[in-house]
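Student: Taking UniProt numbering, the leading residue of the sequence shown gets 1, the next gets one more, and so forth. From the three backbone atoms N, C-alpha and C, an ideal C-beta is built for every residue, glycine too. Here the structure is a predicted model, which means the values were calculated and not measured.
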Amino acid sequence: MNVTPEHADAWMRYLAQQDKISTHKSNCQKAVKMLLKWRHHEHGISEWDADFTFSEDTRQPRDYLTREEREAIREAALEYGSIPSYDNLTSAERDRWRAHLAQRFEKPKSEVGPADWERANGWKTPSLVWVSLDAGLRPIEVKRATLSWVDIENSVLRIPREESSKNTENWIVGLRDQTADMLRRWLNERRNYDRYDDSERIWLTSHGNPHSPRSLRYLLHRLCEIADIPVENRQMSWYTIRHSVGTYMTREEDLAAAQAQLRHTSEQTTMKYDQTPVEDRRDALDRMG
1 MNVTPEHADA WMRYLAQQDK ISTHKSNCQK AVKMLLKWRH HEHGISEWDA
51 DFTFSEDTRQ PRDYLTREER EAIREAALEY GSIPSYDNLT SAERDRWRAH
101 LAQRFEKPKS EVGPADWERA NGWKTPSLVW VSLDAGLRPI EVKRATLSWV
151 DIENSVLRIP REESSKNTEN WIVGLRDQTA DMLRRWLNER RNYDRYDDSE
201 RIWLTSHGNP HSPRSLRYLL HRLCEIADIP VENRQMSWYT IRHSVGTYMT
251 REEDLAAAQA QLRHTSEQTT MKYDQTPVED RRDALDRMG
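Here is the structure:
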């Protein structure tokens, strides 16, 4: 039988219910992950992106951003990479910033001009981060996201079945109006960059490549640094953003809303978010006295 990502998802849900040690479950997951990675490269099947791992208790997400941290990350995304206005700098200050931008954009210092100031203060990172904070995008979804997904007028992403992570059905994912406006600003700005001329992808790295889990993890750690969010003793990856969406969507609405927003095909997968956030438990302790 040709193993597919759908088979792997079903097997992981089955293993999660079995009375087996986590090491056994983790080894099974690693084995099927290697098989599907090979089948992706050799036969072109969809990549597999597991919703959870067995290294920890799968009934709960490994880590998530708190409400305060989510807001801080939004603000940090606006600040990330920003530099002073070109017109407000002295000649000496401009020279120092030219050196910085030359290194950042990997170009000769003599070629750095006012346009590079606008590029440095662009909307790419804010739009990527804000959309992920709303939609809980998986790393592979950041990589696959194309212009056809975007519906600015209705503030939604429309993810077709053939491009969704689980490849099972079409998804409509809600966005905040502020996020949709930020995405609109980025799409307008995006037209100015040559690396997007032959690409339908919404976001690319500065080298013109799709984002990877590694590049996204680096970005999140930089944002945490700006926002003064400690990362020690935390599993701080792009999934941390996704886990926060599931946790608070379940808290504010219900499991059905979280299942739709996170694009889960199984209710069992969403149930791991059916927990009380730590700040709510702290409030309960205060009320208890």
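Fully enclosed by the region 227–274, which alpha helix (DSSP H) runs are 4 residues long or longer?
Tutor: Counting whole runs of 4 or more residues, the region 227–274 contains the alpha helix (DSSP H) stretches 238–252, 255–262 and 267–270.
Student: Among 248, 41 and 157, which one has its Cα closest to the Cα of residue 175?
Tutor: Considering only alpha carbons, the answer is 157.
Student: Would you please state the rounded distance, in angstroms, between the beta carbons of residue 246 and residue 223? I believe it to be under 8 Å.
Tutor: Not a contact, Cβ separation roughly 20 Å.
Student: Which residue's Cα is closest to the Cα of residue 219: 113, 265, 237 and 91?
Tutor: It is 237 whose Cα lies nearest to the Cα of residue 219.
Student: Would you identify the three-state DSSP class for residue 73, choosing helix, strand or coil?
Tutor: DSSP places residue 73 in helix when its eight states are reduced to three.
Student: Over what stretch of residues does the beta strand (DSSP E) that includes residue 158 continue unbroken?
Tutor: Where residue 158 is concerned, the enclosing beta strand (DSSP E) stretches over 156–159.
Student: Is it buried or exposed for residue 32, if we count other Cβ within 10 angstroms and need 16 for buried?
Tutor: When all chains shown are included, residue 32 counts as buried.
Student: With H, G and I counted as helix, E and B as strand and the rest as coil, what does DSSP make of residue 83?
Tutor: Note: residue 83 maps to coil in three-state DSSP.
Student: Output the boundary residues of the alpha helix (DSSP H) element that contains residue 171.
Tutor: Element bounds for residue 171: not the alpha helix (DSSP H) but the beta strand (DSSP E), 171–174.
Student: Hey, out of 256, 139, 153 and 170, whose CA is closest to residue 182's CA?
Tutor: Comparing Cα-Cα distances from residue 182 to each of 256, 139, 153 and 170, the minimum goes to 153.
Student: State the Cα-Cα distance for the pair residue 288 and residue 226, rounded to the nearest angstrom.
Tutor: Because residue 288 carries a pLDDT of 45, less than 50, the predicted location of this residue cannot be relied on, and no value is offered for it.
Student: Report the partner residues of residue 146 according to the DSSP bridge assignment.
Tutor: DSSP, once it has assigned bridges, lists 201 as partnering residue 146.
Student: Give me the DSSP bridge partner(s) of residue 151.
Tutor: DSSP lists 156 as partners of residue 151.
Student: Have a look at residue 42 and residue 5 and give me their C-alpha separation to the nearest angstrom.
Tutor: Taking the straight line from one Cα to the other gives about 15 Å.
Student: At what residue ranges does the region 104–149 contain a whole run of the beta strand (DSSP E), taking only runs of 3 or more?
Tutor: Runs of the beta strand (DSSP E) inside the region 104–149: none found.
Student: Pick out whichever of 123, 200, 116 and 173 has its Cα sitting closest to the Cα of residue 188.
Tutor: Comparing Cα positions, the closest option is 123.
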